[in-house]
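Participant: Okay, handing you the structure first.
In the working numbering, the protein residues as written are 12 to 609.
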């Protein structure tokens, strides 16, 4: 009993401390949001998984001024991610593995407004991973995915719904007219100043017999009126017409009162992006210059000498670079060994490949390699999912003769390939290939950029275009002009040439053709153990496939490498084979004329 009495004060003190700590802890974080990463409708998004934001892509978060909140991010498995709130200088650590979590805790500013949040890793924000946190003393319920919510509007003498920015927020389509909801009482073109008045007026209008639409409730009618410009009336604006010079430049310019927050939040939740019409298009980017990523078509090993099988070490390094895509335009390439395509690998049947797959420390993504020439799970991709700064190694025997594609196989696989991660590996037969005078290495790829073809500035991948198989650029060896202005193929009259041709893709099939030449031999589908086709004009090569073509040069001139889906010329897909030597009038004779497409 004495011992119990002795320790009772200590127990009470501990209880007080624990209670105090618990109380203090509860004050540290007022609210927590949990987000995960996902791909939805072709876009990278944040997906809310906490109760009040469940299922809402890129949720609009809310907090009160001065609150301290925590935002937890769970990696959904599509690459590396981190969440950043730049206005308060709060950024989480990077999560790299599926299911890995990270959090950021901060105190929101003491005044109403909005904070942008986005994924700060690589170009993820440009691919769609961004949203806003609305800071307001009034409660701002977060929209659920199932149905857009209209936040409560608190009347404010400072907010006039006849102001141009508010009318512009309700405007859909071209500038030039201001709108209020038909049938709702207004003064001098101003919408009623609170939500209850709007709902009441909408209900009265539905019952009046004047309405001829299909809405059954006031909410449906307001929704319908905002989405369909034909249901608007256009009163005289109290400050004049809604012309571009009075429209808000950004969302932030419109968030000056709780009422406007509510309207904008409602518009943002509408199907079809009604809100998008009131924001200005981003300014055109200035021309940029990046590193040269073009693989020289002569950059390939010489034919192998006759020898016994041996172990061949293959060194690959994944490096992410801002490379030159076109004049004034750069692109975030992901490469093998800093060029597109990756290095040409040459072995003989029976060799053992010892593949060292490194991922540069500057990379933001995991990378890997899948060899179509390898017999084994994933062609090696299962063994080489490599984190930045790490190295993976595997061995495999080259069992089959042929020309094979290799590529990155880290999810989303098509994204890694379209960013430049593909190449060719040649497995020669025991006696090698027939001798030719020159060999060339050419690969075709399709690139999906956020900007349109020809737009200047730095471009990143547009996931929607990628999934829709709608590329802006289609190129040989990584870039527009790679094999024309930069590194054309060159040979001489009388020589025989061999082109190792592959399609990295990831999506488009090529109809490979050299304008002004006929392929003497085509190793269809790159099968080197089958008899070649002879006298072929154009050969089909699927994505992830290859071919070998050979022909003798009889006449000097410039010969154009194309995909004979010739519209692709306008997307950057062309190369030159420049042949020098004496004319051969017995085979070809004439006077050049102006206007040729060749």
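Backbone N, C-alpha and C define an ideal beta-carbon position, used for all residues, glycine too.
Fair warning: this is a prediction, and the values are worked out from it, not measured in the lab.
Output yes or no for whether 8 Å exceeds the beta carbon distance between residue 304 and residue 344.
Facilitator: yes
Participant: Tell me residue 368's beta-bridge partners as DSSP assigns them.
Facilitator: 327 and 403
Participant: Beta-carbon separation of residue 427 and residue 402 under 8 Å?
Facilitator: no
Participant: Going by other Cβ atoms of all chains shown within 10 Å of its Cβ, with 16 needed for buried, is residue 487 buried or exposed?
Facilitator: buried
Participant: Taking the CB atoms as reference points, tell me whether residue 9 and residue 74 lie closer together than 8 Å.
Facilitator: No answer is possible for residue 9: it lies beyond the span of the chain, which begins at 12 and ends at 609.
Participant: Given 7 Å as the limit, tell me if residue 149 has its C-beta closer than that to any heavy atom belonging to the ligand SAH.
Facilitator: Within the structure as shown, the ligand SAH is missing, as the structure has no ligands at all.
Participant: Using 8 Å as the threshold, is the stretch 490-506 in touch with the stretch 537-553, meaning 3 or more CB pairs across them?
Facilitator: no
Participant: Within a Cβ cutoff of 6 Å, which residues of the same chain sit near residue 528, ignoring the five residues on either side of it in sequence?
Facilitator: 562 and 570
Participant: In this structure, does DSSP put residue 391 in helix, strand or coil?
Facilitator: It is helical.
Participant: To the nearest angstrom, report how far apart residue 33 and residue 90 are at their CA atoms.
Facilitator: Reliability fails at residue 33, whose pLDDT of 39 lies under 50, so the model's placement of it is uncertain and the value that follows must be treated cautiously. Their Cα atoms are separated by approximately 37 Å.
Participant: Roughly how many whole angstroms lie between the Cα atoms of residue 312 and residue 437?
Facilitator: 10 Å
Participant: Give the DSSP-derived three-state secondary structure of residue 361 in the structure shown.
Facilitator: coil
Participant: Near residue 560, what residues of its chain come up, given a Cβ to Cβ distance below 6 Å and the 5 sequence neighbours on each side ignored?
Facilitator: Hits under 6 Å: 510, 530 and 533.
Participant: Hey, quick one: how far does the beta strand (DSSP E) through residue 341 stretch, first residue to last?
Facilitator: 340-347
Participant: Our contact map puts residue 573 next to residue 580 with C-beta atoms below 8 Å; I'd like the distance itself, whole angstroms only.
Facilitator: 6 Å
Participant: Report the rounded CA-to-CA distance for residue 540 versus residue 417, giving the unit in angstroms.
Facilitator: Their Cα atoms are separated by approximately 20 Å.
Participant: Going straight from the alpha carbon of residue 130 to that of residue 50, what length do you get?
Facilitator: Each residue's alpha carbon lies about 14 Å from the other.
Participant: Determine which residues share a DSSP beta bridge with residue 474 and list them.
Facilitator: Answer is none; residue 474 lacks a bridge partner.
Participant: Alpha carbon to alpha carbon, how far is residue 96 from residue 342? Give it in angstroms, no decimals.
Facilitator: 26 Å
Participant: Grab the span of the alpha helix (DSSP H) containing residue 426 for me, first residue to last.
Facilitator: Annotation: the continuous alpha helix (DSSP H) that includes residue 426 extends over 424-429.
Participant: What does the Cβ neighbour count give for residue 489, buried or exposed, with the cut at 16 atoms within 10 Å?
Facilitator: buried
Participant: Using DSSP bridges, identify the partner residues of residue 435.
Facilitator: Paired residues: 416.
Participant: At the level of alpha carbons, what is the spacing between residue 296 and residue 227?
Facilitator: 47 Å
Participant: How many angstroms separate the CA atom of residue 349 from the CA atom of residue 520?
Facilitator: Inter-residue distance for residue 349 and residue 520 is about 25 Å (C-alpha atoms, whole angstroms).
Participant: Assign residue 112 to one of two classes, buried (16 or more other C-beta atoms within 10 Å of its C-beta) or exposed (fewer than that).
Facilitator: exposed
Participant: What does residue 43 pair with, by DSSP beta-bridge criteria?
Facilitator: 81
Participant: Can you tell me the Cβ-Cβ gap for residue 302 and residue 334, rounded? I've got them flagged as a contact below 8 Å.
Facilitator: 5 Å
Participant: Would you decide whether residue 318 is buried or exposed? Buried here means 16 or more other CB atoms lie within 10 Å of its CB.
Facilitator: exposed
Participant: Use the C-beta contact count for residue 485: other C-beta atoms within 10 angstroms, 16 or more gives buried, fewer gives exposed.
Facilitator: buried
Participant: Near residue 513, what residues of its chain come up, given a Cβ to Cβ distance below 6 Å and the 5 sequence neighbours on each side ignored?
Facilitator: Cβ neighbours of residue 513 beyond the five flanking positions: 416, 435, 454 and 557.
Participant: Take the Cβ of residue 92 as the centre, count every other Cβ of all protein chains shown within 10 Å, and call the residue buried at 16 or more, exposed below.
Facilitator: buried
Participant: Note down the Cα distance separating residue 104 from residue 583, rounded to an integer number of angstroms.
Facilitator: 39 Å
Participant: Kindly indicate which three-state DSSP category residue 105 falls into: helix, strand or coil?
Facilitator: coil
Participant: Are residue 360 and residue 409 close, meaning C-beta to C-beta below 8 Å?
Facilitator: yes
Participant: For residue 522, list the residues DSSP reports as bridge partners.
Facilitator: For residue 522, the beta-bridge partners assigned by DSSP are 551.
Participant: DSSP state of residue 591, grouped into three classes?
Facilitator: strand
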